[in-house]
Amino acid sequence: MPDRSCHSCRRRRLKCDRAVPQCQKCLTTGTECLGYGKLILWNQGVASRGKMMGKTFPTARNQVDGSSKKIGQGAGAILSTSNGSPHDDFYQQRLAFPLIDPLFQDLSPSTRRYLSHFGSNFVKELVIYDVPDQNPVRQLLRYSREYPVLLQAIVATSAHHLYNISPSQTFALRDALSSKGRALELLKDTLGNIGLFDVNIMLAVVMLLIYFEWIQSGKNTWRVHLEGAKSLIRYIKSHAGKESTDSFAGLFVRRWLISEFLILDIIGSTVSSTSSLETSIYGIEDGFDIDAILTIAEVNNYVSCPAKLMRHILSVAQMSAEPEQDGGQLAREEKVAMILRSARLFDPAGWASEIQSLTPCNDYSPRTQIATAFKAATCLYAARMLPQDHPDSYSQDDRQQLVSTVIYQLSNIHPDSELFKSTSWPCFVAGAEATAPEQRAWIMTYLQTISQVLPYKTYQTSMDTLEMIWNSGYHDHFLGNCEKGDWVRTIKRLGVDLFIA
Numbered sequence: 001m002p003d004r005s006c007h008s009c010r011r012r013r014l015k016c017d018r019a020v021p022q023c024q025k026c027l028t029t030g031t032e033c034l035g036y037g038k039l040i041l042w043n044q045g046v047a048s049r050g051k052m053m054g055k056t057f058p059t060a061r062n063q064v065d066g067s068s069k070k071i072g073q074g075a076g077a078i079l080s081t082s083n084g085s086p087h088d089d090f091y092q093q094r095l096a097f098p099l100i101d102p103l104f105q106d107l108s109p110s111t112r113r114y115l116s117h118f119g120s121n122f123v124k125e126l127v128i129y130d131v132p133d134q135n136p137v138r139q140l141l142r143y144s145r146e147y148p149v150l151l152q153a154i155v156a157t158s159a160h161h162l163y164n165i166s167p168s169q170t171f172a173l174r175d176a177l178s179s180k181g182r183a184l185e186l187l188k189d190t191l192g193n194i195g196l197f198d199v200n201i202m203l204a205v206v207m208l209l210i211y212f213e214w215i216q217s218g219k220n221t222w223r224v225h226l227e228g229a230k231s232l233i234r235y236i237k238s239h240a241g242k243e244s245t246d247s248f249a250g251l252f253v254r255r256w257l258i259s260e261f262l263i264l265d266i267i268g269s270t271v272s273s274t275s276s277l278e279t280s281i282y283g284i285e286d287g288f289d290i291d292a293i294l295t296i297a298e299v300n301n302y303v304s305c306p307a308k309l310m311r312h313i314l315s316v317a318q319m320s321a322e323p324e325q326d327g328g329q330l331a332r333e334e335k336v337a338m339i340l341r342s343a344r345l346f347d348p349a350g351w352a353s354e355i356q357s358l359t360p361c362n363d364y365s366p367r368t369q370i371a372t373a374f375k376a377a378t379c380l381y382a383a384r385m386l387p388q389d390h391p392d393s394y395s396q397d398d399r400q401q402l403v404s405t406v407i408y409q410l411s412n413i414h415p416d417s418e419l420f421k422s423t424s425w426p427c428f429v430a431g432a433e434a435t436a437p438e439q440r441a442w443i444m445t446y447l448q449t450i451s452q453v454l455p456y457k458t459y460q461t462s463m464d465t466l467e468m469i470w471n472s473g474y475h476d477h478f479l480g481n482c483e484k485g486d487w488v489r490t491i492k493r494l495g496v497d498l499f500i501a
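The sequence shown begins at 1 in full-length UniProt numbering and counts up by one.
(1) Quick one: which unbroken alpha helix (DSSP H) runs of 4-plus residues sit fully inside the segment 165-192? Chain order, please.
(2) Using the C-alpha atoms, what's the distance from Trp442 back to Cys361?
(3) Under 8 Å by Cβ, that's how I've got Leu264 and Leu226 pegged, so tell me the actual separation to the nearest angstrom.
(4) Flag this pair as yes or no: are the beta carbons of Ser272 and Leu498 separated by less than 8 Å?
(5) Following the continuous alpha helix (DSSP H) through Ala501, name the residue where it begins and the one where it ends.
(6) CB Asp392 to CB Arg341, shorter than 8 Å?
(7) Going by DSSP, name the residue or residues bridged to Lys219.
(8) So, at 8 Å on beta carbons, what are the nonlocal neighbours of Cys6 in its own chain, with the 5 sequence-adjacent residues on each side left out?
(9) With a CB to CB cut of under 8 Å and the five nearest residues on each side skipped, what residues in its chain are close to Ser357?
(10) Rounded to whole angstroms, what is the Cα-Cα separation between Glu438 and Arg112?
(11) In terms of residue numbering, what span does the alpha helix (DSSP H) encompassing Val429 cover?
(12) Does the pairing of the segment 138-152 with the segment 419-434 give three or more beta-carbon distances under 8 Å?
(13) Quick one, which of Thr368, Phe261, Ser365 and Ala343 has its alpha-carbon nearest Tyr381's?
(14) Out of Ser411, Leu309 and Trp470, which one is the CA nearest neighbour of Asp486?
(15) Just to confirm my understanding: we take Ala349, look at its own chain, exclude 5 residues before and 5 after, and list those with CB closer than 6 Å. What are they?
(16) Alpha carbons only, please: which of Leu466, Thr465 and Ser451 is nearest the one belonging to Tyr459?
(17) In this structure, does DSSP put Pro98 in helix, strand or coil?
(18) Using only the alpha-carbon positions, how far apart do Lys219 and Arg11 sit?
(19) Tell me, which residues are paired with Val127 by DSSP?
(20) Would you call the segment 182-198 and the segment 148-157 touching, i.e. three or more CB-CB distances under 8 Å?
(21) Skipping 5 residues on each side, what residues in its chain have a beta carbon closer than 6 Å to that of Arg94?
(22) Using a Cβ cut-off of 8 Å (strictly closer), state whether Thr111 contacts chain B.
(23) Near Phe378, what residues of its chain come up, given a Cβ to Cβ distance below 7 Å and the 5 sequence neighbours on each side ignored?
(24) Distance check for Asp106 and Ile165, CA to CA, integer angstroms please.
(25) Which term fits Val224, buried or exposed, when burial requires 16 or more other beta carbons within 10 angstroms of its beta carbon?
(26) In the structure shown, what three-state DSSP assignment does Phe346 receive?
(27) Quick one: what's got a C-beta closer than 6 Å to Thr279's C-beta in the same chain, skipping five residues either side?
(28) Please classify Val331 as buried or exposed, where buried requires at least 16 neighbouring CB atoms within 10 angstroms.
(29) Within the continuous alpha helix (DSSP H) that includes Ser357, where are the two ends?
(30) Skipping 5 residues on each side, what residues in its chain have a beta carbon closer than 7 Å to that of Pro415?
(31) Could you give the first and the last residue of the continuous alpha helix (DSSP H) run that contains Thr490?
(32) Can you give me the C-alpha to C-alpha distance between Gly195 and Lys335, rounded to a whole angstrom?
(33) Please tell me whether Leu410 and Ala373 are closer than 8 Å, where the distance is taken between their beta carbons.
(34) Contact check, Val303 vs Ile267 under 8 Å by CB: the rounded distance?
(35) Look up Phe197 in the DSSP assignment and say whether it is helix, strand or coil.
(36) With C-beta atoms as the reference, is Tyr446 less than 8 Å away from Cys427?
Right, dumping it as structure tokens:
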């Protein structure tokens with residue numbers, strides 16, 4: 001056993017278990033374990049010996065040529081490099097965080113601004129805490145020049161994000177759509193030569209394309225990309241242990257990608273028309289099963305849902321997607337009832353206390369509030385799988401009490417809080433169940449606030465969907481004589497794959 005903590009735990013000032021080859025604390029939190037030996041650090045091009053000691057040297061620029069590269073790899077011109085763009089002067093003036101890394105110096109000002117916006121703003125929205133060297137989304141920038149397909153996906157996502165913040169910048173939308181098209185073309189090429197490419201990079205590109213769809217609308221196409229990601233994950237599983245070209249950021253980023261896909265698959269399946277929710281493919285490693293993935297995700301995934309509650313949501317979503325069979329209804333109702341009983345016993349305060357050792361700051365109170373809101377929303381969602389006269393179901397008064405619980409807890413989460421981004425799913429569920437005008441008005445105002453803080457059109461889709469649920473005419477059209485208020489079935493019969501989170 002090593003005689004001192006790993007470098008990662010020492011940097012984070014945590015007690016290390018000193019396990020080898022990597023400590024279990026890093027493994028559990030999804031942190032890249034830097035090990036116990038000496039670290040080799042770059043000194044940023046400063047000569048450390050000889051006559052030139054202490055001097056720095058200019059970095060070669062504009063060395064991109066037409067030589068052949070591996071598909072999807074090598075330096076590439078994005079948007080415009082030497083000739084410039086009509087908006088380059090504007091970008092140059094507005095570039096608040098210029099990228100000075102030599103890797104980015106031969107890119108156009110517009111591209112550098114999109115990369116800067118991605119690294120300064122966008123990456124913070126996909127995790128709870130943007131801790132240096134521990135945000136896997138930020139790590140994508142390091143590989144963007146080596147893989148043009150990744151660079152195009154980053155530019156597309158960042159440009160559309162910027163456009164949503166400031167719609168007057170219509171050129172940003174044009175750049176976003178143009179870069180997305182190039183990313184899709186390059187991705188298609190890499191899929192035809194998958195054995196020559198780092199599959200983790202391909203997964204990262206698909207994840208960025210899903211983010212793009214959330215920013216644009218949150219409807220339908222994100223699910224197509226998710227199914228593509230599942231195909232890549234199956235490829236990884238089928239080639240486990242075989243020689244491959246995978247090198248991208250190692251286990252840390254791959255586990256983040258897998259956990260990210262699983263979480264959005266679960267949350268997305270609660271309000272989509274998808275016929276099945278297959279999760280077995282996500283267990284790509286021994287000892288890294290669904291429960292382990294959810295445990296890692298609960299700490300810093302932007303949803304911040306306790307793993308136990310997310311497991312309940314997953315089980316209900318799977319049963320909801322299964323076709324009803326003769327004689328199987330009673331068995332399914334009993335399973336749902338067991339899930340409800342377990343969810344009701346969940347201790348939000350206890351959970352918030354347990355994860356404090358894994359968070360960079362004391363967030364016990366907001367974590368408790370988020371967990372309490374998720375608990376109430378999970379119970380409301382699960383109860384929709386039971387007939388109203390079932391002993392474990394809720395009366396209308398009980399449902400409205402749970403709606404009030406969600407509203408009360410979320411009202412304590414300030415828009416400036418890092419956990420504010422975690423509130424949309426319980427907010428939507430509470431809105432779908434709300435019957436009082438004042439509750440519905442509060443929910444709509446809250447979602448509007450989220451959409452102002454986080455410029456994703458998926459929140460507008462959430463509001464439009466709630467308006468549809470509250471419209472009795474739509475409800476009657478899609479459900480006929482089914483139980484009033486069954487918003488889960490209403491949404492599924494729309495035949496639309498929504499994303500509400």
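Note that CB positions come from ideal geometry on N, CA and C, so glycine has one too.
Working from what's here:
(1) 170-191
(2) Here residue 361 refers to the residue found at position 361 when the sequence shown is read from its first residue. Here residue 442 refers to the residue found at position 442 when the sequence shown is read from its first residue. Those two C-alpha atoms are separated by around 30 Å.
(3) Taking the sequence shown and counting its residues from 1, one reaches residue 264 at position 264. Taking the sequence shown and counting its residues from 1, one reaches residue 226 at position 226. Yes, Leu264 and Leu226 are in contact; Cβ-Cβ is about 7 Å, under 8 Å.
(4) As a first step, residue 272 must be located in the sequence shown, where it is residue number 272. As a first step, residue 498 must be located in the sequence shown, where it is residue number 498. For Ser272 and Leu498, yes; Cβs fall inside 8 Å.
(5) Numbered from 1 along the sequence shown, position 501 holds the residue referred to as residue 501. Where Ala501 is concerned, there is no enclosing alpha helix (DSSP H), given that its DSSP letter is neither H nor E.
(6) Within the sequence shown, residue 392 is the residue found at index 392, counting from 1. Within the sequence shown, residue 341 is the residue found at index 341, counting from 1. Yes; because the gap between Cβ atoms is below 8 Å, this pair is in contact.
(7) In the sequence shown, counting from the first residue as 1, residue 219 sits at position 219. DSSP lists Leu498 as partners of Lys219.
(8) Taking the first residue of the sequence shown as position 1, residue 6 is located at position 6. For Cys6, where only same-chain residues beyond five positions count, the Cβ hits under 8 Å are Cys16, Arg18, Gln22, Cys23, Cys26, Cys33, Leu34, Gly35 and Tyr36.
(9) One-based indexing of the sequence shown puts residue 357 at position 357. The residues are Leu14.
(10) Here residue 438 is taken as the residue at index 438 of the sequence shown, counted from 1. Here residue 112 is taken as the residue at index 112 of the sequence shown, counted from 1. Each residue's Cα considered, the two are about 46 Å apart.
(11) As a working mapping, residue 429 is identified with position 429 in the sequence shown. First-last of the alpha helix (DSSP H) with Val429: Ser424 to Glu433.
(12) Contact check between the segment 138-152 and the segment 419-434: fewer than three CB pairs, one atom from each, fall below 8 Å, which does not count as touching.
(13) By 1-based counting over the sequence shown, the position of residue 381 is 381. Closest in C-alpha terms to Tyr381, from the list Thr368, Phe261, Ser365 and Ala343, comes Ala343.
(14) Mapped onto the sequence shown, residue 486 falls at position 486. For the residues Ser411, Leu309 and Trp470, the minimum Cα distance to Asp486 belongs to Trp470.
(15) Within the sequence shown, numbered from 1, the residue matching residue 349 stands at position 349. The residues are Thr368.
(16) What you label residue 459 is simply residue 459 of the sequence shown in a count that begins at 1. Per the Cα distances, Ser451.
(17) As a working note, residue 98 is residue 98 in the sequence shown. For Pro98, the predicted structure reports a pLDDT of 45, less than 50, and the residue's modelled location is therefore unreliable. A value from the coordinates is still provided. The three-state reading of DSSP puts Pro98 in coil, since its state is none of H, G, I, E or B.
(18) Here residue 219 refers to the residue found at position 219 of the sequence shown. Here residue 11 refers to the residue found at position 11 of the sequence shown. When rounded, the distance between both Cα atoms is 41 Å.
(19) Along the sequence shown, read from residue 1 onward, the residue named residue 127 stands at position 127. In DSSP, Val127 forms a bridge with Asn301.
(20) yes
(21) Taking the first residue of the sequence shown as position 1, residue 94 is located at position 94. A caution first: Arg94 carries a pLDDT of 37, below 50, which makes its placement in the model unreliable, though a value can still be read off. Residues of the same chain with their beta carbon placed closer than 6 Å to that of Arg94 are lacking, with the five preceding and five following residues left out of the count.
(22) Given the protein chain composition of this structure (a single chain), no chain B is represented.
(23) Taking the sequence shown and counting its residues from 1, the one referred to as residue 378 is at position 378. Position check: residue 378 holds Thr in this sequence, whereas Phe was assumed. The beta carbon of Thr378 sits closer than 7 Å to those of Leu309, His312, Ile313 and Ala343, all from its chain and outside the five residues before and after it, given in chain order.
(24) The residue you call residue 165 lines up with position 165 of the sequence shown. The residue you call residue 106 lines up with position 106 of the sequence shown. Each residue's alpha carbon lies about 27 Å from the other.
(25) Taking the sequence shown and counting its residues from 1, the one referred to as residue 224 is at position 224. When all chains shown are included, Val224 counts as exposed.
(26) Here residue 346 is taken as the residue at index 346 of the sequence shown, counted from 1. Here Phe346 sits in coil by DSSP.
(27) Within the sequence shown, numbered from 1, the residue matching residue 279 stands at position 279. The answer, listed in chain order, is Ile290.
(28) Indexing the sequence shown from 1 puts residue 331 at position 331. First, the residue type needs correcting, since residue 331 is Ala and not Val in the sequence shown. With fewer than 16 other Cβ atoms within 10 Å, it is exposed.
(29) If you number the sequence shown from 1, residue 357 lands on position 357. Here Ser357 belongs to no alpha helix (DSSP H), and DSSP marks it neither H nor E.
(30) The residue you call residue 415 lines up with position 415 of the sequence shown. Cβ within range, chain order: Thr449 and Val453.
(31) Position 490 of the sequence shown, counting from 1, holds the residue named residue 490. Note, Thr490: alpha helix (DSSP H), Trp487 to Lys492.
(32) Start at 1 with the first residue of the sequence shown, and residue 195 comes out as number 195. Start at 1 with the first residue of the sequence shown, and residue 335 comes out as number 335. Rounded to the nearest angstrom, the gap between the Cα atoms of Gly195 and Lys335 is 43 Å.
(33) Numbered from its first residue, the sequence shown carries residue 410 at position 410. Numbered from its first residue, the sequence shown carries residue 373 at position 373. Contact flag set, yes.
(34) Start at 1 with the first residue of the sequence shown, and residue 303 comes out as number 303. Start at 1 with the first residue of the sequence shown, and residue 267 comes out as number 267. Rounded, the Cβ-Cβ distance is 7 Å, consistent with contact.
(35) Within the sequence shown, residue 197 is the residue found at index 197, counting from 1. Reduced to three states, the DSSP call for Phe197 is coil.
(36) Translated into the one-based positions of the sequence shown, residue 446 becomes position 446. Translated into the one-based positions of the sequence shown, residue 427 becomes position 427. Yes. Within cutoff.
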